[in-house]
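Below is one structure; the comments refer to it alone.
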Amino acid sequence: MAQGRKAPREAWGSRLGVILAVAGSAIGLGNFLRFPVQAAKNGGGAFMIPYFISFLLLGLPLMWVEWTIGRFGGGLERSTAPGIFETVWQKNRFIKYFGVIGIFGPTVIFIYYTYIESWLLGYAIFALTGKCATCTDQRSMAAFLSGYLGLAQNEHFSSITPAYLFFLITFAINAIVLWLGLRGGIERVCKLGLVVLFAFAVMILVRVLTLGTPDPAQPAWNVRDGFGFLWNPRWADLKQAKVWLAAAGQVFFTLSVGFGVILTYASYLRKQDDVALSGLTAATTNEVAEVILGGSIVIPAAFAFFGPHGTMEIAEGGAFNLGFVTMPLVLQKVAFGQFFAFAWFFLLFIAGVTSSISLALPAIAFLQDEFNLDRKTACILFAIVTFNLCQVVIFFNGQGVLDEMDFWGGTFCVVVFALVEVVLFAWVFGMDKAWGELHSGSDIRIPQVYRFIIKYITPLFLILILGSYFVQQGKPMLLLENTPREKVPFIIGTRVLLIDLFAALAFLVWLAWRKREAKEATT
Amino acid sequence: MTTTGWAFLIISWGMILGLTVFCLSRTLRKKP
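Those sequence lines, one after another, are chains A and B.
Heads up: the first sequence runs through residues 1 to 523, numbered per my numbering.
Heads up: the second sequence runs through residues 1001 to 1032, numbered per my numbering.
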């Protein structure tokens, strides 16, 4: 598109549309798999105390910060972090480079998340066709997953071709939704997707609640005690710092704050649109999916079939084990299991799609805003680059590539980015101005105590999380302390790739600003 | 499931559902 003939900015079709898009971005695999595992491992019902405290002191403030500065930047026609950060701190020439994290992080997550999302589509189809019906125990179901991912050749799969086919379909779905734009694609898919997701989740929940005591020989293995396994408080666990950090981490990652995604979504709001109530609504909708639905499906169901020791072992095995190995086995054992297994994987697939399209948007919006590209051209460029990068994740899966990307894109960058934006909001923009901006067009008044929380508590909380992650995960990961020798070249290769991607994005920011300055000088 | 477990479940669900219903009703209410 020629310079000076910029297309009018896209806008949301309705208020509910943007709320559901943000909620759709937040509701992902973590709600249904990560949350119950974290709660079961970290104090049961007692986990909810640090969880709600973190929600109030960390989750909600960051939600409001992102919605507010996103709308503020959007008013100045900037949709992504480099531009938005500059509108907040106009005197600083380097702040735009911190904003690169807000494009880099979601793009990196998109690269591996799309592949994981495709497994869910594959498993939904396998559930309908009964392909994994021959797997009747944890070992054979784990072998099925290994075969599907191309990590082993076995009686289930002889190559990675089926997984690659489902990846192509998933990638195409994402590309089409993005191609259709904000209102015609993202908003429509999130509105419809969340309705289907909640309907399927409620259906599975009802099925789990009616499981009763499936094995009469094990009367203690029942759904009620399955809820007890998750909700009975273990008070002693609250004395451990790791429980509080696990709760803070869960709240932080479940709300999609710190990714740069909400920033971009909110930039398409109008100046007079509310952000305070909308942010709160999106956050609470996510909590319904997480605590009420996510907390009531996998753990109680696994408990009813595998008992307390089996369930603890499954939880220790992690969220993926629970989702891809345990749940198919559980659902095989119930009436209409094929349908319920399909519903389970399809709802997770929808949760994945509504998240991945949001992850792609910052990069696409950056190309549109800063290089005056039309949406379709920006989508094509984004698809070409990310499709190629996805190949690394697919063909080097099992070599630590995915975990490495998840650490840098999905953990480290997210916390750093959140810290930068909350400091910008409260300390650079200034709390008085920020508070006024947050309440401009607002339908609710936020309690005054949040001025103090946003300025002091939230940044301190983030520094604490960053420090603990660095000690627990960052340092050993950076120094490759627990990495098998054969994986080291792949991990170093991934780091080089990520550094290249970051440098390329930083160069694009530099280029865009140079062009902008040249244009301003001539006009 | 112990009584305390039930209490945690009911309070957590109640808080989340209450807040969500409040937010959605305010959100869907038409501005004058």
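For glycine and all other residues, C-beta sits at the position ideal for the given N, C-alpha and C.
Does the beta-carbon distance from THR1002 of chain B to GLY193 of chain A come in below 8 Å? no
Would GLY1005 of chain B count as contacting chain A if we go by Cβ distances under 8 Å? yes
Just list the alpha helix (DSSP H) runs in the stretch 343 to 404 of chain A, keeping only unbroken ones of 4 residues or longer that don't cross its boundaries, in chain order. 375 to 395
Contact residues within the stretch 270 to 293 of chain A, judged by C-beta distance below 8 Å to chain B: LEU277, SER278, LEU280, THR281, THR284, THR285, GLU287, VAL288, VAL291, ILE292
So LEU277 of chain A and SER442 of chain A are supposed to be a Cβ contact under 8 Å. How far apart are they, rounded? 7 Å
So is MET1 of chain A in contact with chain B if we call contact Cβ pairs under 8 Å? Legend: pLDDT at MET1 of chain A = 42, less than 50; position of this residue unreliable, no value from coordinates given.
Selection of the stretch 217 to 234 of chain A by Cβ proximity to chain B, strictly under 8 Å: ARG224, ASP225, PHE227, GLY228, TRP231, ASN232, PRO233
Any chain B beta carbon closer than 8 Å to LEU16 of chain A: yes
Contact set between MET63 of chain A and chain B, taken where Cβ atoms lie within less than 9 Å: Correct list: empty, because the minimum Cβ distance to chain B is about 12 Å.
For ALA21 of chain A versus CYS190 of chain A, is the C-beta distance shorter than 8 Å? yes
Hey, does MET48 of chain A have any beta-carbon neighbour from chain B nearer than 8 Å? yes
Buried or exposed by the 16-neighbour rule on C-beta atoms within 10 Å, applied to TRP344 of chain A: buried
Run down chain B in chain order and give the residues with a C-beta less than 7 Å from the C-beta of ASP237 of chain A. Under the 7 Å cutoff, chain B gives no residues; its nearest Cβ is about 13 Å from ASP237 of chain A.
Please state whether DSSP places GLN138 of chain A in a helix, a strand or coil. helix
Out of A:VAL415, A:ALA351, A:LYS376, A:PHE502, which one is the CA nearest neighbour of GLY552 of chain A? Any property of residue 552 of chain A remains undetermined from this structure, which presents chain A solely from 1 to 523.
Close Cβ partners of GLU481 of chain A (< 8 Å) along its chain, the five nearest in sequence each way excluded: LYS475
Check the Cβ of ILE19 of chain A against every Cβ in chain B and list those closer than 8 Å, keeping chain order. THR1027
Straight-line Cα distance separating TYR148 of chain A from HIS156 of chain A: 8 Å
Would you kindly work out how many angstroms separate the C-alpha atoms of GLY181 of chain A and SER356 of chain A, rounded to a whole number? 14 Å
Secondary structure, alpha helix (DSSP H): runs of 4+ residues fully inside the stretch 160 to 227 of chain A: 161 to 179, 188 to 209
On a Cα-Cα basis, can you pick out the residue from A:LEU438, A:THR284, A:GLY318 that is closest to THR1020 of chain B? A:THR284
In chain B, which residues lie less than 9 Å from ILE453 of chain A when you measure between Cβ atoms? Simply none; closest approach about 17 Å.
C-alpha gap between ILE463 of chain A and LEU497 of chain A, whole angstroms: 27 Å
Please classify VAL257 of chain A: does DSSP put it in a helix, a strand, or coil? coil
Please classify TRP12 of chain A: does DSSP put it in a helix, a strand, or coil? coil
Tell whether a beta-carbon distance below 8 Å holds between ALA363 of chain A and THR326 of chain A. no
For the putative contact between LYS96 of chain A and VAL509 of chain A, defined by C-beta atoms under 8 Å, what is the C-beta separation to the nearest angstrom? 6 Å
Consider the Cβ of ASP443 of chain A: report whether some Cβ of chain B lies at a distance smaller than 8 Å. yes
Alpha helix (DSSP H) containing SER54 of chain A: first to last residue? 48 to 54
Does chain B have any CB closer than 8 Å to the CB of GLY45 of chain A? yes
Rounding to the nearest angstrom, what Cα-Cα distance links LEU424 of chain A and LEU178 of chain A in this structure? 30 Å
Is TRP510 of chain A close to the ligand PLP? I mean its beta-carbon at under 7 Å from any heavy atom of the ligand. Here there are no bound small molecules, and the ligand PLP is not part of this structure.
Is the distance from the Cβ of ILE109 of chain A to the Cβ of LEU205 of chain A below 8 Å? no
ARG375 of chain A burial status per 10 Å Cβ neighbour count (16 or more: buried): buried
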